[in-house]
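Everything on this sheet refers to the single structure shown next.
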Amino acid sequence: MFICVEGLDGSGGTTQVERLRQAWAIRSPGREIVVTREPSPGPVGRLIRAALADTDIGEGVLPYLFAADRRDHLDRVVLPALARGAVVISDRYALSSLAYQSLAVGLEKVGALNADFPAPDHTLMLDLPPTDCLARIELRGGTRDRFETLARLQEIAASYEAAIGWASARGWSIARIDASGSPDDVAARVAEVIWPGC
Numbered sequence: 002m003f004i005c006v007e008g009l010d011g012s013g014g015t016t017q018v019e020r021l022r023q024a025w026a027i028r029s030p031g032r033e034i035v036v037t038r039e040p041s042p043g044p045v046g047r048l049i050r051a052a053l054a055d056t057d058i059g060e061g062v063l064p065y066l067f068a069a070d071r072r073d074h075l076d077r078v079v080l081p082a083l084a085r086g087a088v089v090i091s092d093r094y095a096l097s098s099l100a101y102q103s104l105a106v107g108l109e110k111v112g113a114l115n116a117d118f119p120a121p122d123h124t125l126m127l128d129l130p131p132t133d134c135l136a137r138i139e140l141r142g143g144t145r146d147r148f149e150t151l152a153r154l155q156e157i158a159a160s161y162e163a164a165i166g167w168a169s170a171r172g173w174s175i176a177r178i179d180a181s182g183s184p185d186d187v188a189a190r191v192a193e194v195i196w197p198g199c
């Protein structure tokens, strides 16, 4: 089972990945659960994290870096874990690239770079207005990356709509989750998607 959590920065994705890990551990004791993220902790992912903080690296370079990181991440982490029968929960995946990087080079180009990657079993899209996302980003403090401004979040929200259309047309299972309210509220909505009726 390959599950990806998506959404704008500040929508609560990292929190919901951890909540989902905890829920799987309770429901399936003894089953291996692999929690991962993109950009990955691997060598290309580390380069991307540095690039996001470095304004000298152009936006047009990022789609290629993300695609390279995704190939490496799949080969080293995701596919071997799935082959072992593990549940893999990823904080972001290809839908993020389609939304974020298409702003620089267009959806067609980013789609071509990601067309051969496998679709997750479930993609959970956390829906939260950009203004609410920015408020959460400001609350947590710390250094912001290039995508964490209101104008960029608004652009990315619109871009996610096109990305969802691209992925849906290719058979991806995408569930939109209302990400407002407390983490418990959102976790309950996520659980209803993964374990309907439970």
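Just so we're aligned, residue 2 is where the sequence shown starts under this note's numbering, counting upward by one. All C-beta atoms in this analysis are idealised placements derived from N, C-alpha and C, irrespective of residue type, glycine included.
Can you determine whether any heavy atom of the ligand GDP sits closer than 7 Å to the C-beta of ASP57, and answer yes or no? You won't find the ligand GDP in this model; it holds no ligand whatsoever.
Between the C-alpha atoms of LEU9 and PRO131, what's the straight-line distance to the nearest angstrom? 7 Å
Neighbourhood of THR37 by C-beta distance below 6 Å, restricted to the same chain and skipping five residues each side: VAL78, SER91
Answer yes or no: do LEU154 and LEU135 have a C-beta to C-beta separation smaller than 8 Å? The answer is yes: Cβ separation under 8 Å.
Rounded straight-line distance, which links the Cα of TYR94 to that of ALA51: 18 Å
Is the Cβ-Cβ distance between LEU80 and LEU66 less than 8 Å? Not a contact, by the Cβ cut-off of 8 Å.
When you compare each of GLN23, ARG72, ALA120, LEU127 to VAL45 by their alpha carbons, which one comes out closest? ARG72
What residues match up with ILE157 in a beta bridge as DSSP calls it? In DSSP, ILE157 forms no bridge with anything.
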